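Reviewing the structure listed below.
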Amino acid sequence: MLRFIVRRLLQLIPILLGLSVLLFAWLRALPGGPAQAALGERATPEDIARYNETFGLDQPVLVQYGKFLGRALQLDFGTSSRTGQAVTTEFLERFPGTLELTIFAMVFAIGIGIPLGYLAARRHGSWIDSSSVIGSLLGVAIPVFFLAYLLRLLFAVQLGWLPGSGRQDVRIDATHITNFFVLDGLMTREFDAAWDAVLHLVLPGIALGTIPLAIIVRITRASVLDVVNEDYVRTANAKGLATATVRRRHIIRNALLPVSTTIGLQTGLLLSGAVLTETVFAFGGVGSALRDAIANRDYALLQGFILILAVVYVLVNLLVDISYGLLDPRVRVR
Amino acid sequence: MTAALGSTRRDKIDELAARAGQVPAGGGGVSLARSAFRRLRRDPVAIIGAVIVVAFLLVAALAPWLAPRDPLEQALLSEVRQGSIPGSREGFPLGVDQLGRDVLSRLIYGSRQSLLIGVVSTVLGAVAGMALGVLAGAFGGWVDTVVMRFVDILLSIPGLLMAISISVLLGQNQYALMIAIAVTQVPVFARLLRGSMLSQRDSDYALAAKALGVKRSRIVLGHVLPNSLSPVIVQATLSLATAIIEAAALSFLGLGDPDISRPEWGAMLSSAQAVLSFAPMLAVYPALCIIVVALGFTLLGESLREALDPKFRR
Amino acid sequence: MHRRPTRALAASAAALSALALAGCASSDRDESGTAAGESSASGGGGGTFVFGAAGDPTMFDPALATDGESFRVTRQIYEGLLTNAPGTADLEPALAESYDVSEDGLTYTFALREGVKFHDGTDFNAEAVCFNFDRQYNFTGLAASPAASEYWQNNFGGFASTPDVPSLYAGCEATDAATAVITLTETTSRFPAVLALPSFAIQSPAALEQYKADELGGNGDALTYSEYATAHPTGTGPFKFGSWDRGNKTVSIVKNADYWGEAAGVDEIVFRSIADGNTRRQELQAGSIDGYDLVAPADYQALEQGGFQVLPRDPFNVLYLGMNGGGIEGTSANPALQDVRVRQAIAHAIDRDTIVRSLLPEGAEAAIEFVPPAVDGWTQDVTQYAYDPERSKSLLAEAGATGTTLRFYYPTDVSRPYLPDPAAMYEVISKNLTDAGFTVEPTSLPWNPDYLDAVQAGQADVHLLGWTGDYNDAYNFIGTFFADAGGGKMKAEFGGWSAPEVFSSLAAGDSEPDVEARGPLYEAANKAIMDFLPAVPISHAPNAIVVAENVSGLVPSPLSAEDFSTVTISE
Amino acid sequence: MNGSTAFSAAPRHAASTTPVLEVEDLSVRFTRRGEAGTQAVDGVSFSVAPGETIGLVGESGCGKSVTSLAVMGLLPKRGVQVAGSVRLDGQELLGAGDRALRKLRGADMAMVFQDPLSSLNPTVTIGVQVTEVLKEHRGMSGKEATEEAADLLDRVGIPDPRRRLGEYPHQLSGGMRQRALIAMALACSPRLLIADEPTTALDVTIQAQILELLRELVQGSGTALVMITHDLGVVAGLCDRVHVMYAGRIIETADRGDLFARPRHPYTGGLLASVPRLDTTRGTPLTPIRGSARDAIPWAQGCAFAPRCDSGRDDCLTEVAGSTVPLESDGAGRELRCRHPLTVPPVAGSPTTPGADR
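Chains as they are written, first to last, in my numbering: chain S, 2 to 335; chain A, 373 to 686; chain D, 852 to 1422; chain X, 355 to 712.
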């Protein structure tokens, strides 16, 4: 197992290097080059020359890349032109929110998706089955931001049940230690703050979790349909095991293997791509920072965030692979 | 409009399908396609998907004849007030938008642009991806390694982030939008085609052709490639749905077509968010169009997948 | 040197206003502006007022800030020597109780308010005043870069370290603890009106030094601000800085119990940044914020019906279609625009009345020139260009320019007081131009920095832009755009038109020390501008700020410079 | 064909004892929405006595596996109609509740399946898969069950059973997997064991070992064994009585010796003739049965085997004969469903056309 992990980690190196080359090239390919991207079009030639000198842009490309990589390895991705903060600091401030949101969305998607997918498969052909299939197709077809607007309009504005934006009611005087607001609330025993933070996760979490939910329902359903026809399920039944045992040990455990991969991939995507949802819900996470960066052409932040997020994504995928290995003994040995 | 056309069109499709089914088979590939087609015809899901897709394609093609008005004409602009938009009335069955333009005509013309973005970006992505896939699959060895590593790198950037980066890089115009979406599709097609080709390359008929001394390029282009295409076709159909949704997302992020007068569903949906509170239908109509078309392509793609998959063959 | 005591000039709506009056002058507001209810005096309920801002602030050192969201916060924390009377663009005393100006308009002597303390407990006095002006004049390095000290550079020109760039500022002297004398190098209409700008508010010298306010990091315009600017802004205002939670996108300021004037009506104000206008509205409707700015005109009705108070700000802005006069290095402007008939064709093509009626909130008016009617110097007597597409066509045909392609730039991701929905405005004007026989080639860019940069760099043929006045003087509108920017050319946004008659009439108005005498000079300038037509004025639009039913005391400011200390919340 | 040496073994079934399993007129019909149903099993009856081993023989698709699944109650509930009677030790199984059936399965009746790899859960250790039966039916604690499981594995001939308990199915060889499955089936010393083609997926050498193992385990324990197979070699080696099935019906029943010595149904004859034998001269071709099981016609129209039968006459069809072909007694202990049975035992290598002039 350890060898497996080490090998997978080693395989990451060329990918990460390639990624850094790509993003390095990206900034240089921007109209006007990095200096203009950073200084704006009003920059005088002297400004640009000074900038180029400061950042070694007058040196050969390879040297520049080496320096870029060196800084990146020290987690230095430059400074956001919009906020004046280090990109890494910005990321660390924003990421906990996105992580909380992702966890909520995935809990929502998994908590509903797996039981629903299971039920649909076991009642194959019933109305539950048909409606969950149709629902899952719709879930993927609805533009996320439209769904987000609808959710907010209905539950936050019309009904007023849930908060429709932000991460926490600003009237609650909450202490923030880790920037994981829910965790902070629990740690400081400010339970009202923690609960409020959870409530703020509900609507964006549902909007964000809809696509994973749809996919999980579909995969679970297909997978359970496959597994219930497997010989070993018949064996388990032939052994006269209790229905619950058959379901738990022989059906669900195996049916969840492909589902777990999906869950992992979707988690990776959510961590990196909540741009639309976070924007609609004014949720202070990575996604809304990315949107702000797009709107303000904050190239340093875009570059740094995309690089970090791609690394996160790759690492999550690695985790998925590893956990798949843990779940499926057949992979482990290979 | 689509509902009215639906029933006659269904007959048309059946007729077409029947005629196509009678074409004499030319070879193995054709008979596979034919049997797949026959299965598709019997699949209600496929028929629903095909009807949706064909209906929208026809609407797009016939937009100038179908649309009751000029989609750019700000006909009722002078009656628009901040906070109230004239509702539907004679000549404006679905009402007008914030600038007094006929919504129905915009939706009809919008199908052109939306489908165009979907089709062009998917074709671009598929062609580029296939080129990479063929390169990797046909040559193998270090070419394969290099190409696939590159594809892995592309895959390591989540789709929307990739599309955003490329839009930012290329500036804002509809071609940039198409390219941005296309690039996100490239790795999928490349992997798919390579995988499919690898399995085809080791298949009996390819080995047999090799044993007979057929040149490698001929084997690849004449045998392996055509037989690897069915997963690509399936993926392309599914990708069309994604592309249309992704275009809407980029529009929403302000990275869409700068010529916002040109009707396009994603742009219509984004701009309607501002008036959601008092004219929600302005958002609902284009959203429905996007959802239905995406659904159509998905249904068609899924049933194609089943039809072409030997596992599902009865 | 002769000194001429300044008299109350409020009635003339000129730059200066009743300085001898006491601070609490809100009573003379006309009724329409006080929809928010009675003055704060009766309230004092305390509590937290949550305000939905449209964006994150950058930091809280106003000398280095350039954006409205930062200023919105610093206005509550700091005070300047002068301020604007509530609900108007007129000047009013703040930290200076009164001032004298010399005959030549070059020496200003300020009598300062005594007994005022900064939030850190240090004394406000003449030395603190001079410290602040000297500080900005002595900016070097990154602090002197255009991105950092934009307001100083726009209003005072150069720095001590840049002798080649002339500076308006000659020096400041603290003659005694309560008297500061500021000297200038030339007479200008800007001074002393600029002293009400938030950038020239007085900050605590002790805090500035302690937290190293001038030590900027970063580069170019990716600046890293000091600890002072991000965590310890210290002024004399009715609110003290509380905290800035970037992750939660909130800034909190708390009531200054030791404020010299009337204490704030609420205990705390939280500015919460919500970029999306719909979200702001829905959050107000859901009750999680108590008010917000940049209300979409389309939402006025629904909000009012929902019991919210939409408080309109008097129009103090202009929206125009900029035209590129060419001659900017590295760009090529459409040569057809050099022909005044083509420019007139554009002016006649735009249907201002429909725009005002359908795209802008109630109270908006079509613009016939670049200053709003309320500003001294506005005149009916300019060349007017009525909506007349046929006339446009014939003008174009006359000029042989039918079908001219115009690169039309418009911004995205922004809502400005004068331009609530740029995309819609673009669409309508673009249709107008097309109908008149032009061909339009659109480009949209994010407002900041891309759009502003591109437009300033002369990449567009025509573009949408506008201006909200900083203070009540016509020069602040027309001078900003059309004065000689050097070398006999207008500023780059307009592609460097060379319009000597415009330049001379503007210079005459600006250098006239007698405020009363400026009006006619500005009228002449407006006429010259509308004849030359370097850009097409479109509209003056009010915009609004909205608060919940239980909020009172907020007086909307035409300058968007609301003072939140008068706000109270009832249960 | 290890079975050939066992030909001499005396039939062990004793008619006096009450049968463990009685199947009477069992019918299974698969129905699909919007399609005509398929009759998979049609009026099958047989019984097995304690200690007896019977064989259900036929080509794939003849209904033998469906019969066994019907007996076990393992057919899906939707789209399947089961009729007739299945009694285990006199207790009616058809229509019994799921709970009751689960009590019986694994404890009183057990089953071994064809493909040992797919029949084992790949994600659960062998140990768990064995002990779960013990815990379920014998109420053992974890520790007891592990002890017993090791013992069981040992008994089915798996070396180093304790280590194997912690391993996953893919870590075992094919033969070992089948032994493990048998261990699970026998964990509660069931009264009835159904083995559905238990050796088909295994190497030939392993096949013999598994068959030997089954025989050893059944012998003496009084367990009734139903062997489902298409392999006459297996039948020859193991079974006391043989039921040959075709297209869902039993077409011939006989004791093993009788059947091999004197097959009566042309289909049985064909099966025997298509087995290569060592005692024929080299070069003589095998004689396969024409066509495939798909060519069967519905029994209602006549003998389902008729289209493939060399002895077939017109009266094999219902239309001509006026009745369907019945299953009738054919001498002592034999039953036959054929109007034109074979009279001379067929010899591999010679055309299977006795009694037929063409």
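Where is the CB? At the ideal position from N, CA and C, for every residue including glycine.
From a predicted model like this one, the values you see are computed outputs, not experimental measurements.
DSSP places V1291(D) inside the beta strand (DSSP E), whose first and last residues are 1290-1297.
When the Cα atoms are used, T1182(D) and I616(A) turn out to be separated by approximately 36 Å. A direct Cα-to-Cα measurement between G1339(D) and T1026(D) gives close to 41 Å. Proximity of chain S to D524(A) at the Cβ level (cut-off 7 Å) is accounted for by I16, in chain order. Within 8 Å of the CB of L667(A), the CB atoms of chain S belong to L138, L139, A142, in sequence order along the chain.
DSSP, reduced to helix, strand and coil, places D1027(D) within a strand of the structure shown.
For R386(X), the secondary structure class from DSSP, reduced to helix, strand or coil, is strand. At least one CB of chain S lies nearer than 9 Å to the CB of G1068(D). Going by DSSP, Y325(S) is part of the alpha helix (DSSP H) stretching over 300-328. By the beta-carbon neighbour count (other beta carbons within 10 angstroms, threshold 16), E551(X) is buried. Residue state for V586(A) is assigned as coil, using DSSP reduced to three classes. Of all residues in the region 589-616 of chain A, none comes within less than 7 Å of chain D when Cβ atoms are compared.
In this structure L1410(D) does not touch F1090(D) by the C-beta definition: roughly 19 Å separates them, more than the 8 Å allowed. The CB of F624(A) never comes closer than 7 Å to any CB in chain D; the least such distance is about 10 Å. Exclusion of the five residues before and after G265(S) leaves V321 as the residues of its chain whose Cβ lies within less than 6 Å of its Cβ. Shown here for V395(X): same chain residues with a beta carbon closer than 7 Å to its own, the five before and five after excluded, namely L380, S381, V382, G417, V420, T421, A424, G602 in chain order. For T577(X), the secondary structure class from DSSP, reduced to helix, strand or coil, is coil. The beta-bridge partner set that DSSP reports for E930(D) consists of I1053(D). Annotation for A1375(D): S1356 place their beta carbon closer than 6 Å to its own, counting only its chain and skipping 5 residues before and after. When secondary structure is reduced to three states using DSSP, L547(X) falls in the strand class. When DSSP states are grouped into helix, strand and coil, N1168(D) belongs to the strand group. The residue from D1127(D), T960(D), F1159(D) with its alpha-carbon nearest to that of A1399(D) is F1159(D). When the Cα atoms are used, D669(X) and T385(X) turn out to be separated by approximately 31 Å. From the beta-carbon of T670(A), the residues of chain S found nearer than 8 Å are L138, V141, A142. Chain-ordered listing is empty here: chain S has no CB closer than 7 Å to the CB of Q544(A), the nearest sitting near 11 Å. Here G496(X) is exposed, its C-beta having fewer than 16 other C-beta atoms within 10 Å.
Just so you know, the alpha carbons of A237(S) and R331(S) end up roughly 20 Å apart. In the three-state reduction of the DSSP assignment, P661(X) falls in the helix class, which pools H, G and I. In the three-state reduction of the DSSP assignment, N238(S) falls in the helix class, which pools H, G and I.
With distances taken between CA atoms, G898(D) lies nearest to V1105(D) out of F1333(D), V1397(D), V1105(D), D1414(D). Per the C-alpha coordinates, the member of G114(S), A30(S), G165(S), F25(S) positioned closest to F306(S) is F25(S).
It is roughly 12 Å from the alpha-carbon of V431(A) to the alpha-carbon of V665(A).
Judged by beta-carbon spacing, A1196(D) lies beyond the 9 Å limit of P1388(D), meaning their Cβ atoms are not closer than that value. With respect to chain A, the C-beta atom of Y1151(D) has a partner C-beta closer than 9 Å. With contacts defined as CB atoms closer than 9 Å, Y1236(D) and A1198(D) qualify as a contacting pair. Look at L100(S): its C-beta is not under 9 Å from any C-beta on chain A.
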